[in-house]
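Those letters in the sequence shown? Residues 118 to 478, by my numbering. Idealized CB from N, CA, C, for every residue including glycine.
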Amino acid sequence: MGMRAVVLHGHGSVDMLRYQDFPEPVCDRGEVLVRVHACSVNRLDLWVRRGLPGREVVFPHILGCDISGYLASDSPDTGMVKGSRVVIYPAIHCGVCRFCRMGKENRCSSVSIIGGFSRWHGGYAEYVRVPARNIVPIPPQSNLSMDDAASINVAYLTVYSMLMQAGGIMQDVHGSIESDYSPSLLVYGAGSGIGVASIQLAKAMGYRVMATVGDGSKVERSYSLGCDLVIDRSKQDIVREVMNFTGDEGADLVIDHVGTWDTSIKCLRRSGVVAVCGATASEHASAEIRPFYNRLAYMFGAYLGSKRELEGMIRFMDEHGIRPVIDSVFALEDAMLAHARMEMNQHFGKILLRVADSHSL
Ligand SMILES: NC(=O)c1ccc[n+]([C@@H]2O[C@H](COP(=O)([O-])OP(=O)(O)OC[C@H]3O[C@@H](n4cnc5c(N)ncnc54)[C@H](OP(=O)(O)O)[C@@H]3O)[C@@H](O)[C@H]2O)c1
Ligand SMILES: [Zn+2]
């Protein structure tokens, strides 16, 4: 049996994304086949397409780590039936190590990401084969649409996990935080996947949110989404603006997915936290050390979140009426256009490939 897919045969520019026939995946024991509804584009897809030093990809490879779909057959391993609405937890994990047994699958030493730098093909295809333990049902009562569900499994999950972890650190440092205290957050790229997720989730958790944008055209949308301060990094000084807004205290938390560590640290208040989850601007960061320890600062790295956090986040989003911000929807065959849009930083929110429109059935 064949299917339509966007297949990478080597690293390179958007021209390498080839829409073609490809064999339908065949499941081994413990795996399930999912009929893909949609798959959103993440920066990771661009890194895998272009290639990174020291990171292996076996070609042909199918990108796509942020997937919603329907079970293609009954699944005895999960007890779910054909047609169930599901998302795919994107971290492949061993299932038996100490971290996996504790439900901290993203800390598993053999972790890799479906459709990422791994041997697992992703969601730029009509069907995807995954371990049954990576299946997460979308609760029937959930307000998330199938498009929404394809937007939350990577950026939103990582942000949710960072907010949980940062909340734990703040609790340790401050003791019980007064209920009327509203911590402050700085996130870069208000319109990025990480940016929109940070603004929506942190606002719902009671944060005052500051966000940067690369050009003035994104300012209004950022305020509409709930930002308390939007900083245009093309003409404003980020540290100065953060200090003005926080009365010279600095931010409680900075979510840094671009790699500007020096700025992140200098924006912090004492005992503030930098959560690092990306390196969009550069593979290497340099930072002045004294501002870090003088602030008694904390810094941690984040890699997705756990499966339990994904389930918890879906509940949290439903409870707070949060729907992910979707910038644009492309047909699977237009993956090239979708990548180009992200590459040019034109997007505000998640870019989606709606695979359902390509199904021949
Ligand atoms: N660790 C994890 O598990 C995990 C999970 C998800 C994502 N990530 C990483 O997080 C990063 C963002 O991913 P994404 O999918 O959200 O990407 P994205 O939507 O493409 O966002 C990137 C945005 O970053 C902003 N930006 C670029 N350079 C900047 C700079 N020097 N200073 C401030 N902002 C800058 C740009 O917005 P403006 O031009 O408007 O400023 C750009 O739109 C990627 O590096 C990705 O690999 C990691
Ligand atoms: Zn494990």
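Looking only at its chain, what residues have a beta carbon closer than 7 angstroms to the beta carbon of residue i, apart from the 5 residues adjacent to it on each side?
i, result
"V153", "I184, G186, G240, A242, E243, Y244, V245, V472"
"V124", "R135, Q137, F139, P177, I179"
"F234", "V165, R172, E173, V174"
"S201", "Y187, L188, P254"
"L274", "L421, G422, E426, L427, M430"
If we ignore side chains and look at the alpha-carbon of each, how far apart do residue i and residue j end up?
i, j, result
"M133", "W164", "13 angstroms"
"V371", "V356", "12 angstroms"
"M118", "V151", "15 angstroms"
"I269", "G333", "26 angstroms"
"L427", "H291", "27 angstroms"
"G367", "P441", "28 angstroms"
"G220", "L454", "37 angstroms"
"G129", "R160", "15 angstroms"
"R224", "H464", "31 angstroms"
"I443", "K335", "14 angstroms"
"M434", "A328", "21 angstroms"
"G395", "W378", "11 angstroms"
"G308", "V158", "14 angstroms"
"D289", "Q282", "11 angstroms"
"G466", "G438", "17 angstroms"
"D264", "V204", "11 angstroms"
"R215", "S226", "10 angstroms"
"S299", "Q317", "15 angstroms"
"R325", "N251", "34 angstroms"
The alpha helix (DSSP H) spanning residue i covers which residue range?
i, result
"L281", "It is worth fixing the name first, because residue 281 is Met in this sequence and not Leu. M281 -> alpha helix (DSSP H) spans 272 to 291."
"A266", "263 to 266"
"M360", "355 to 362"
"G429", "424 to 436"
"Y410", "407 to 411"
"W164", "160 to 167"
Spatial neighbours of residue i within its chain, please: C-beta separation below 6 angstroms, excluding the five flanking residues on both sides.
i, result
"A272", "G310, I311, A314"
"M287", "none"
"F409", "I382"
"V228", "A208, H210"
"L478", "Its pLDDT being 43, under 50, L478 is placed unreliably in this model, and the value from its coordinates should be taken loosely. Once the five neighbours on either side are set aside, L478 has no close Cβ partner at all."
"S262", "none"
"V131", "M453, H456, A457"
"L303", "M327, V359, A368, V371, C384"
DSSP puts residue i in a beta bridge; with which residues?
i, result
"R471", "A155, A448"
"F465", "Per DSSP, none; premise fails for F465."
"A208", "I230"
"I348", "T329"
"M118", "Answer is none; M118 lacks a bridge partner."
"S192", "M197"
"D373", "V393"
"K149", "Per the sequence shown, the amino acid found at residue 149 is Val instead of Lys. Looking at the DSSP assignment, V149 forms a beta bridge with V247."
"P254", "V203"
"A368", "L385"
Between which two residues does the beta strand (DSSP E) containing residue i stretch?
i, result
"M322", "Careful: M322 lies outside any beta strand (DSSP E) and carries neither H nor E."
"P177", "Taken as a continuous stretch (DSSP letters only), P177 belongs to no beta strand (DSSP E), as it is neither H nor E."
"D138", "134 to 140"
"L302", "301 to 304"
"Y415", "415 to 418"
Give every residue of the same chain whose Cβ lies closer than 8 angstroms to the Cβ of residue i, excluding the five residues on either side of it in the sequence, and list them in chain order.
i, result
"G127", "M133, F176"
"M322", "L280, G284"
"S475", "R121, E243, A448, L449, E450"
"Q353", "none"
With a threshold of 6 angstroms, establish whether the CB of residue i neighbours any heavy atom of ligand 3.
i, result
"H464", "Among the ligands in the structure shown, ligand 3 does not appear; only ligand 1 and ligand 2 can be found there."
Under 8 angstroms, with one C-beta from each stretch per pair, do the region 399 to 418 and the region 336 to 343 reach the 3-pair mark?
Counting Cβ pairs under 8 angstroms, fewer than three are found: no touch.
Determine, using beta-carbon pairs with one atom in the region 443 to 460 and one in the region 413 to 424, whether at least three such pairs fall under 8 angstroms.
As far as the Cβ criterion goes, the region 443 to 460 does not touch the region 413 to 424, which means the pair count is below three.
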